[in-house]
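Protein chains in written order, with this note's numbering: chain A, 1 to 270; chain U, 271 to 550; chain Y, 551 to 825. All C-beta atoms in this analysis are idealised placements derived from N, C-alpha and C, irrespective of residue type, glycine included. Here's the structure, in structure tokens; my notes come after.
As structure tokens, this is what we get:
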């Protein structure tokens with residue numbers, strides 16, 4: 001009896017209840033839409049209709065079913081986002097390292113790092129496409145820009161947060177600069193670095209989908225536009241909404257997992 | 271009671287011999303006319319942290335710098351450790367500058383906070399300075415084991431710092447400082463954040479460790495009774511400006527236990543130190 | 551140590567301003583002399599010279615301001631609505647902590663959902679809300695921004711209400727304070743820094759969501775949409791003018807936020823860190 005009570009009151013149960021609640025709200029609105037709108041599929045279909053469309057064997061564009069289209073294009077989008085994300089992470093980390101090593105570099109870059117988080121980079125996507133003239137390159141560039149500054153600012157904050165006494169300990173042991181970075185600064189900044197990654201991973205995916213919409217040539221965003229324009233069934237759009245949400249959340253979860261692998265002592269308080 | 275006194279006497283004589291033997295070599299650390307000023311942030315007159323300090327510290331001596339906040343005791347310790355540069359005057363350690371000694375990695379430092387790396391286990395924390403020195407892995411492992419046995423934490427080697435109590439964390443800090451076999455152990459208020467019971471336990475441990483390792487220890491504290499219990503000599507510093515106002519010899523017999531705190535001689539020495547402060 | 555620092559001009563403070571300014575000047579010079587174009591492999595048609603961009607901004611002030619107005623109304627409207635809603639949700643979550651915290655975990659998952667997926671849904675949902683295409687587009691866009699801002703605020707507000715200083719709740723209870731008093735005298739003031747943490751995220755996010763939702767909106771207006779439309783028409787210089795304006799909106803709104811924060815949190819600075 002107690003066991004059951006424990007399970008019912010557990011954290012997972014609460015989350016689960018909330019998800020059920022959200023599904024209920026969705027369904028209530030969908031039922032209302034069904035009765036009042038001419039094309040309820042476009043506005044808000046029932047969830048079971050979306051699930052049905054996932055398993056539907058009908059070919060949507062002559063050769064693929066809806067879910068095949070969505071998943072293959074998700075692969076394209078995700079691959080480009082990942083390349084941009086990795087490049088952006090590398091640049092962000094190196095910039096933070098440079099800024100921490102050289103005061104001049106910090107002074108030059110810091111105001112621009114502040115400004116870049118105030119300006120809407122995503123709004124610049126079309127012009128990046130115009131400059132690079134290549135949809136893949138611009139996808140990577142935008143994803144990289146959106147990734148590099150959260151990584152840079154958070155990593156730098158990580159370097160700066162190392163207590164004075166830890167620096168003094170290294171100094172008193174006459175540690176070489178390389179050792180100070182290897183043994184103290186880089187391990188210390190890891191939680192901050194991963195905070196940056198957790199912010200930027202979903203952003204890189206959003207960016208990649210947005211750039212897709214700018215031009216034909218595959219990717220989730222491209223299919224999303226086509227589906228909205230009724231070039232193919234609207235359920236492709238609804239599937240993309242859910243797949244987009246799921247990969248966004250998974251990208252965050254992946255970063256959390258990576259963090260746990262890199263720093264096994266995750267419970268450490270700081 | 272009588273038996274105990276006897277063993278004390280025996281140990282004491284052994285220690286005295288040892289002291290006199292090393293005493294002939296002369297002083298380990300010589301501080302001459304040391305003054306330190308900090309520039310004022312508001313652009314006013316510089317703050318005098320230490321004024322004209324002269325001090326000789328013998329090899330193997332346990333010396334305590336005691337005083338209220340602002341008396342410059344920590345600044346003095348930091349100057350010896352090459353963490354702070356003198357404005358005028360000099361610190362000389364066996365004919366060398368603090369910087370040379372630091373480069374030779376002859377200092378072990380214990381801070382007020384344990385300053386442990388929370389991503390490393392206890393063992394790997396103690397190991398860290400030896401990694402910097404390039405000591406081979408086999409030797410490192412052996413020394414870590416020895417050090418953890420010395421501070422009574424052998425069973426906690428695989429724990430992470432946040433799983434330990436404050437007192438245990440500070441022991442890890444001491445083990446880490448001793449692991450590189452320093453010649454001088456510098457301790458900056460290492461026990462001041464601990465509760466009274468833990469503190470007393472660590473006092474006993476530190477006395478034991480010191481008698482085993484024979485390091486020169488420079489210990490900073492604002493706790494007079496702690497200073498008297500541990501040291502051979504207590505250097506009393508007074509503030510505004512920071513200066514040495516007295517040096518009190520603690521001629522209590524060794525080895526010492528906590529019971530010594532109940533003796534009249536102990537209390538007389540505590541009073542003597544307390545009355546040596548100026549301008550507080 | 552808490553003495554007020556006098557503003558003294560030191561070498562350090564001079565270089566802090568000089569270095570970035572020099573860097574910016576170098577970029578502008580490279581741009582104006584077209585060396586930047588060679589590096590990027592583009593031409594002055596796609597990447598017009600700075601002086602040309604500013605001439606265009608000057609010439610089209612009327613049209614630009616109209617689009618700026620549309621974008622700012624959407625981002626500020628959504629920001630205010632979303633933050634208010636988020637604060638309210640945080641309050642509800644605080645009242646029922648067990649269920650509230652779980653609900654916020656679910657809400658935080660929305661953080662990872664791409665805006666692009668939300669914008670078209672709301673467009674379709676709001677189709678019947680008004681006869682006027684501009685009005686219903688405005689509603690749809692504002693709702694997208696609202697959702698973005700609600701998420702950030704609700705999570706931070708909940709933390710602000712519940713992450714109290716140790717013993718502060720005990721102190722209130724020792725005065726036999728009722729729940730309302732505890733709420734207004736302790737929880738609300740405590741939540742203020744957290745509100746600003748949320749706003750630091752939501753202010754830039756509100757502009758980005760406004761720009762992106764403009765892409766999908768029925769009615770063609772707004773800075774973001776103009777960037778895109780002008781590029782489609784190959785009017786790159788005009789597109790750049792709108793990009794500069796978009797950046798200006800972002801910077802101005804963020805500076806206003808920092809200013810407000812500076813006033814309201816003046817004496818609480820040490821309690822929480824910036825960046």
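Should residue i go down as buried or exposed, given a rule of 16 or more other Cβ atoms within 10 Å for buried?
i, result
"residue 112 of chain A", "exposed"
"residue 14 of chain A", "buried"
"residue 591 of chain Y", "exposed"
"residue 564 of chain Y", "exposed"
"residue 183 of chain A", "buried"
"residue 3 of chain A", "exposed"
"residue 324 of chain U", "exposed"
"residue 374 of chain U", "exposed"
"residue 528 of chain U", "exposed"
"residue 57 of chain A", "exposed"
"residue 537 of chain U", "exposed"
"residue 63 of chain A", "exposed"
"residue 698 of chain Y", "buried"
"residue 149 of chain A", "buried"
Given this structure, state the Cα-to-Cα distance separating residue i from residue j, to the nearest angstrom.
i, j, result
"residue 425 of chain U", "residue 491 of chain U", "30 Å"
"residue 547 of chain U", "residue 522 of chain U", "21 Å"
"residue 468 of chain U", "residue 437 of chain U", "6 Å"
"residue 662 of chain Y", "residue 248 of chain A", "5 Å"
"residue 359 of chain U", "residue 817 of chain Y", "42 Å"
"residue 69 of chain A", "residue 236 of chain A", "8 Å"
"residue 260 of chain A", "residue 463 of chain U", "32 Å"
"residue 197 of chain A", "residue 677 of chain Y", "37 Å"
"residue 449 of chain U", "residue 414 of chain U", "7 Å"
"residue 429 of chain U", "residue 393 of chain U", "8 Å"
"residue 293 of chain U", "residue 503 of chain U", "Residue placement at residue 293 of chain U is flagged as unreliable, the pLDDT there being 39, under the threshold of 50; a coordinate-derived value is accordingly withheld."
"residue 564 of chain U", "residue 94 of chain A", "Any answer about residue 564 of chain U is impossible in this case: the structure gives chain U only from 271 up to 550."
"residue 440 of chain U", "residue 485 of chain U", "18 Å"
"residue 104 of chain A", "residue 576 of chain Y", "15 Å"
"residue 318 of chain U", "residue 303 of chain U", "14 Å"
"residue 773 of chain Y", "residue 46 of chain A", "35 Å"
"residue 17 of chain A", "residue 807 of chain Y", "37 Å"
"residue 80 of chain A", "residue 136 of chain A", "7 Å"
"residue 475 of chain U", "residue 363 of chain U", "27 Å"
"residue 835 of chain Y", "residue 691 of chain Y", "No answer is possible for residue 835 of chain Y: it lies beyond the span of chain Y, which begins at 551 and ends at 825."
"residue 297 of chain U", "residue 327 of chain U", "6 Å"
"residue 780 of chain Y", "residue 771 of chain Y", "12 Å"
"residue 573 of chain Y", "residue 517 of chain U", "58 Å"
"residue 745 of chain Y", "residue 234 of chain A", "39 Å"
"residue 604 of chain Y", "residue 642 of chain Y", "49 Å"
"residue 34 of chain A", "residue 674 of chain Y", "13 Å"
Taking DSSP's pairing of strands, which residues face residue i in a bridge?
i, result
"residue 659 of chain Y", "Partner(s): none; residue 659 of chain Y has no beta bridge."
"residue 519 of chain U", "U/503"
"residue 307 of chain U", "U/318"
"residue 621 of chain Y", "Answer is none; residue 621 of chain Y lacks a bridge partner."
"residue 733 of chain Y", "Residue 733 of chain Y is not bridged to any residue."
"residue 508 of chain U", "U/513"
"residue 335 of chain U", "U/490 and U/505"
"residue 323 of chain U", "U/304"
"residue 606 of chain Y", "Residue 606 of chain Y pairs with nothing; no bridge assigned."
"residue 299 of chain U", "U/327 and U/363"
"residue 65 of chain A", "A/59"
| field | Complete runs of the alpha helix (DSSP H) confined to the stretch 356-390 of chain U [at least 4 residues] | value | 368-373
| Stretch-stretch touch, CB-based, cutoff 8 Å, three pairs: the stretch 671-690 of chain Y with the stretch 727-739 of chain Y | no
| task | Inspect the CB distances between the stretch 455-464 of chain U and the stretch 364-381 of chain U and report whether three or more fall short of 8 Å. | result | yes
| query | What beta strand (DSSP E) runs, 3 residues minimum, are completely inside the stretch 432-492 of chain U? | reply | 454-458 and 486-491
| Taking one C-beta from the stretch 161-176 of chain A and one from the stretch 116-128 of chain A each time, how about it: are there three or more such pairs within less than 8 Å? | no
| Secondary structure, alpha helix (DSSP H): runs of 4+ residues fully inside the stretch 739-768 of chain Y | none
| In the stretch 130-180 of chain A, which residue ranges form an unbroken beta strand (DSSP E) of at least 3 residues, counting only runs that do not cross its ends? | none
| request: Could you tell me whether the stretch 788-797 of chain Y touches the stretch 696-705 of chain Y, using the rule of 3 or more Cβ pairs below 8 Å? | output: no
| request: Spell out a yes or no on whether the stretch 214-222 of chain A and the stretch 71-80 of chain A are touching, meaning 3 or more CB-CB pairs, one atom from each, closer than 8 Å. | output: yes
| said: Report the start-end ranges of each alpha helix (DSSP H) in the stretch 630-708 of chain Y that is 4 residues or longer and not cut off at the edges. | reply: 647-659 and 665-675
| said: Would you call the stretch 226-235 of chain A in contact with the stretch 781-789 of chain Y, where contact means no fewer than 3 C-beta pairs closer than 8 Å? | reply: no
| field | the stretch 24-32 of chain A in contact with the stretch 208-215 of chain A per 3-pair CB rule at 8 Å | value | no
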